[in-house]
């Protein structure tokens, strides 16, 4: 299965798509698209933004659910889940965006290792393959660096390593070089070529916005507006359109109305004033992060109206420099001046003159395109009418009219870039700082953007500071700076640079400078031996593979270990909560305040009052003056009990006439009121009995004794009752919250795609993620048990083994609840709130923590019966205080045993294996 | 500070909130069904307590006692024999077991003062004390009535006319309903503001705000005010329609005054949310911090168990928590019908705590932006 023999007459197609259609709501992304891919072929999908390139690729990869048409991939229908499971080990898919399917907390090695394990490779095989790939991509020296700290180009290479780890027969790359510097891009394609030489049977499907890259593909599919415009080899297309480069060929292929506005970009010379005003001035600008110097002594001056280009390898400090200019980052040394004034983050006035577009899309995905633009306009203090006109103009200029009410997360990269740019321009700034504004944009859109920039510069005198990876854009700048490793290598006009370097093109000059600065590191490593890779058995057919599950377990565990604060919060937090709640929650009701309205003021009435005041339960407050006083003090909550002793109290008792003492208790807190009522009634009865005995001289004893035995907790210590119930509470709330973000976070940050396109099943995915949290939960359990025995000295009388076993089942259930919430929510906020609201109420109120479950009623009673905490509290109390062992609490184990599979099944049902 | 900016940023927050339908569903659930369930599920202090009786006497008197234990305070008593008693209590089936010895009636009448034994499962503290008191009173009164014809009535004829004010039936649902609204108010305001800030950070949007002429104060006020308004609105509606309407809990005091207090509390709680967000590095860390803060806030503020029974240091410490004052003023206003003249100290305390938290979080927020 490792490639198809090339000598066969008509090799079966690897991909055969017919009549594929896809709609996102009202937006038509694809419309009857056909596509073929033969074994060993490399096909490029080219076209402007938002024409459905990404949608098509994700459909072929099986990452997205099919709507219309039929796609046959590797001999089966991709809509068939069984076929997807069988073929996913043969497909590799690298989604759009810098490292979207990578895990930034994990190191380079660990990322590749994760994928290798997902594909079920053994240890020896893994190490060999990872070693080869890292060497081949030049990532070997950075094997231990967290992926999040890699530059964009390195992230793309790492993504490629992850995609190639399992020798796919079909490699699908969605704009793999967008946002990658020219040197890295060149290395990237060299790498792809080497891999193809080693594995000639592998088919490659690539979407790209770089037309110069498209020239190296066997065949091109030009797309526009969800349809295929033309197919053919690059030479074919050039011949058909009669053009000499693919950029021009593509534009020629576009329908008439799209082409109409396009004209060759002409940049008028900059009106040179010798005493030109300086717009931006950097002097010895330096930024250090710890011992890493990101920007090292950078100086430049940019005149008003100048277009100044900033070029350099990924991660060379361009973005950091730009952030210092905007005041987002304070420089470690040196100064930055805008229009002669030092950049001051507190100076709001300067910000009005600056428009900034960051490299990573940073507008609100929750707001529509229009709302985003409106918000920007308003925050810049523009008038409403002005905002409306401006939005109309910008939407038209950047082709955002059709998507004006769509949300940015539904838009492809290129359109999001245009939106960002429109937002940066909304307030007509005098200075534009644009961090790779054209990444991911198609050639037509880029030309349009440059038209706008040129107009702004030449007509309105707007200064433009722009970073880019496109050489044809760099050529359009008045001056450019080359940056590498925090330093500016050279600054000059593009023409001068080419001349100084003596190279043919600016790109060659650029790469020359970079290679010189970087030394020899760029040299490709020896080629990996192709022989061994064929020895690969068929995998991914198994329904449940513990190795795939453990791969997720490892990944989740590593992430947890990389964030020690989170683990510490979970453990130390549990301990602190046990302390606070153990001491804080108390069922005893004491020190109730009371006051008396004594109309009698005799020794008898005093005697009655003294009985109450003398008890531990009540604290006497100054006597009441009248009914108003009584009312006011009860309303204020000063008194839990008010007594009124009627006039002639002593006299009437003496005469045997019936007397009535009035008593009011504060019912605002019913539980306390009930207890107070019990106390008062008891004391009243006691007083009567004493009086009776005094008068009759009857026997001192009553008619009977009631002996109350408080079992399991003879001292009625609240702690003994509370601790065994607080432990279950904490083992529900904390592990559930820990697990609650694990799935939804992948959804929000994009790495959920790995679930869609790798052989891992939903069960393996969920179970794998659950394991580390169960372990952490058990660690908490041990910690809590130690605290309760050693610090609180709560006696433990039953079977520790039974409790531990129950705790394990219980923690599986509580993490399962968190995971379940995580699978059906779509934002981390909803997951946090959902977990809090869904676990706290049942655990605190319906599980017997304060009131026994048997006494509950209504829906609460039903929830209480089902909620795992109820059963674990029974086991916990039984083993802690009642000396019970397994056989005594066996009936409470059953619900805990059932909880795990039920929750898992619900989670699997709620989780999708494909995007919609 | 420009009010327009605060308003615009606030509207943006509200729009973000509306875009998460599941979150909206959860909020509605928290203020309706969850309030209703917790109000109706929690029993009166002593409700349907499980009791078993070992009647070794089988006399007229012992049957009288058994018959006197009836719902709603107790589940109908189960008659068991001595050997079953321990097993049933161990398994947690019965909270109380009353053991009436053989010859009990005879001994009572003969003045031999027999002993009746009441076993209480003291791990169920909430029922243990009250229940034991009730049983004691019931047994005493039954025996008293039984022996009345045999003994001279020498006791003074003093009645205790005991009434519960503000909640005559001591219906715990009244209490729980309002307390669950309070819990929701605190939890939601911390979560909404805190996560909104972390989301801005994780998605990089905060950076974009900072290149615009917007101050940290405006950003923070935008969040505090918008989320505060949502929560205030939700709690007001919940109080009127769920608590007063659906649950028919009479509200004695002024809802407006309560909402004014709630607004102050929200000010403090949303600031707390921002503070937590500036401490937490990521959303998962925030989730953990949230649990650490919210659980003590809910359980120790006096909304779950009475403040008086907590140890002094806990009581003192919890005075620093806005919840404590909010619970106090809510109880005073909603149950006791107290006016501003009574609850102003709580208003003052909330305003003070809120101001301190707000300034603290603003300071932290400003520094976190650097």
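Residue numbers (this note's numbering), protein chains in the order written: chain S, 1 to 916; chain R, 917 to 1286.
Beta carbons are placed, not taken as given, at the ideal position from N, Cα and C, and that holds for glycine.
- Option nearest residue 493 of chain S by Cα separation, candidates S:270, S:314 and S:353: S:270
- Message: Please identify the residue among R:1242, R:1120, R:1207 and R:1012 whose C-alpha is closest to the C-alpha of residue 707 of chain S.
- Response: R:1012
- Nearest-angstrom Cα separation, counted from residue 59 of chain S out to residue 477 of chain S: Spanning the two alpha carbons is a distance of roughly 39 Å.
- Task: Return the CA-CA distance between residue 130 of chain S and residue 61 of chain S, expressed in angstroms with no decimal places.
- Result: 23 Å
- Query: Is there contact here, the region 804 to 821 of chain S with the region 546 to 558 of chain S, by at least three beta-carbon pairs under 8 Å?
  - Reply: no
- Query: Exposed or buried, residue 1161 of chain R, counting other C-beta atoms within 10 Å across all chains shown (16 or more means buried)?
  - Reply: exposed
- Assign residue 867 of chain S to one of three DSSP states: helix, strand, or coil. coil
- Per the contact definition of three or more C-beta pairs closer than 8 Å, is the region 784 to 797 of chain S in contact with the region 719 to 732 of chain S? Using a Cβ-Cβ distance cut-off of 8 Å, the region 719 to 732 of chain S and the region 784 to 797 of chain S are in contact, since at least three pairs of beta carbons, one from each stretch, lie closer than that value.
- Task: Tell me, please, whether the CB atom of residue 557 of chain S is closer than 9 Å to any CB atom in chain R?
- Result: no
- Message: Just to check my reading of the structure: residue 1155 of chain R and residue 667 of chain S have Cβ atoms closer than 8 Å, yes? What is that Cβ distance to the nearest angstrom?
- Response: Contact doesn't hold; Cβ gap of about 19 Å is too wide.
- Which bits of chain R does residue 877 of chain S rub up against, with CB to CB less than 8 Å? 1008 and 1039
- When DSSP labels each residue in this structure, what does residue 552 of chain S get in the three-state scheme? helix
- Query: Taking the alpha-carbon positions, what's the residue 1283 of chain R to residue 1191 of chain R distance?
  - Reply: 12 Å
- Message: Against chain S, with Cβ distances strictly below 9 Å, would residue 1154 of chain R count as a contact?
- Response: Chain S, which has no Cβ nearer than 9 Å to the Cβ of residue 1154 of chain R, makes this no.
- Task: Step through the CB atoms of chain R and report whether any lies within less than 9 Å of the CB of residue 664 of chain S.
- Result: At least one chain R Cβ lies under 9 Å of residue 664 of chain S.
- Query: Within 10 angstroms of its Cβ, does residue 591 of chain S collect 16 or more other Cβ (buried), or is it exposed?
  - Reply: exposed
- Might you give, ordered along the chain, the residues of its own chain that have their beta carbon closer than 6 Å to the beta carbon of residue 848 of chain S, omitting 5 neighbours on each side? Excluding sequence neighbours, residue 848 of chain S sits near 870 and 873.
- Query: Cα-Cα, which of R:1280, R:997, R:1254 and R:1047 is closest to residue 1174 of chain R?
  - Reply: R:1254
- Query: Quick one: is residue 520 of chain S buried, meaning 16 or more other Cβ sit within 10 Å of its Cβ, or exposed?
  - Reply: With a pLDDT of only 47 at residue 520 of chain S, under the threshold of 50, the placement of this residue in the model should not be trusted, and no figure is reported.
- Could you tell me whether the region 118 to 137 of chain S touches the region 152 to 163 of chain S, using the rule of 3 or more Cβ pairs below 8 Å? yes
- Item | C-beta atoms of residue 185 of chain S and residue 469 of chain S nearer than 9 Å | yes
- Message: Does the structure place the region 1120 to 1135 of chain R close enough to the region 861 to 869 of chain S that three or more beta carbon pairs sit under 8 Å?
- Response: no
- Message: So with CB distances below 8 Å, who are the chain R contacts of residue 836 of chain S?
- Response: 1103, 1107, 1206, 1207 and 1210
- Task: Verify the CB distance criterion: does residue 948 of chain R have a CB-CB separation below 9 Å to chain S?
- Result: no
- Item | Those runs of the beta strand (DSSP E) which lie wholly inside the region 991 to 1027 of chain R and span at least 3 residues | 1012 to 1016
- Would a C-beta distance cut-off of 9 Å place residue 354 of chain S and residue 430 of chain S closer than the cut-off? yes
- Cα-Cα separation between residue 1009 of chain R and residue 1204 of chain R, rounded to whole angstroms: 36 Å
- Answer yes or no: do residue 875 of chain S and residue 892 of chain S have a C-beta to C-beta separation smaller than 9 Å? yes
- Message: Which residues in chain S have a C-beta closer than 9 Å to the C-beta of residue 1160 of chain R? List them in chain order.
- Response: The contacting residues do not exist; residue 1160 of chain R stays about 16 Å from chain S at best.
- Message: According to DSSP, residue 356 of chain S sits in a beta bridge with which residue or residues?
- Response: S:433
- Task: Have a look at residue 8 of chain S and residue 76 of chain S and give me their C-alpha separation to the nearest angstrom.
- Result: A caution first: residue 8 of chain S carries a pLDDT of 44, below 50, which makes its placement in the model too unreliable to give a value.
- Could you round the C-beta distance between residue 889 of chain S and residue 802 of chain S to whole angstroms and report it? I think they count as a contact, below 8 Å. Confirmed, about 7 Å.
- Assigned secondary structure, residue 411 of chain S (DSSP; H/G/I helix, E/B strand, else coil): coil
- Measure the CB-CB distance between residue 294 of chain S and residue 327 of chain S and report whether it falls below 9 Å. no
- Through-space distance from residue 454 of chain S to residue 426 of chain S, alpha-carbon basis: 17 Å
- Between the CA atoms of residue 194 of chain S and residue 527 of chain S - distance to the nearest angstrom: Because residue 527 of chain S carries a pLDDT of 46, less than 50, the predicted location of this residue cannot be relied on, and the following value inherits that uncertainty. The alpha-carbon atoms of residue 527 of chain S and residue 194 of chain S are separated by roughly 7 Å.
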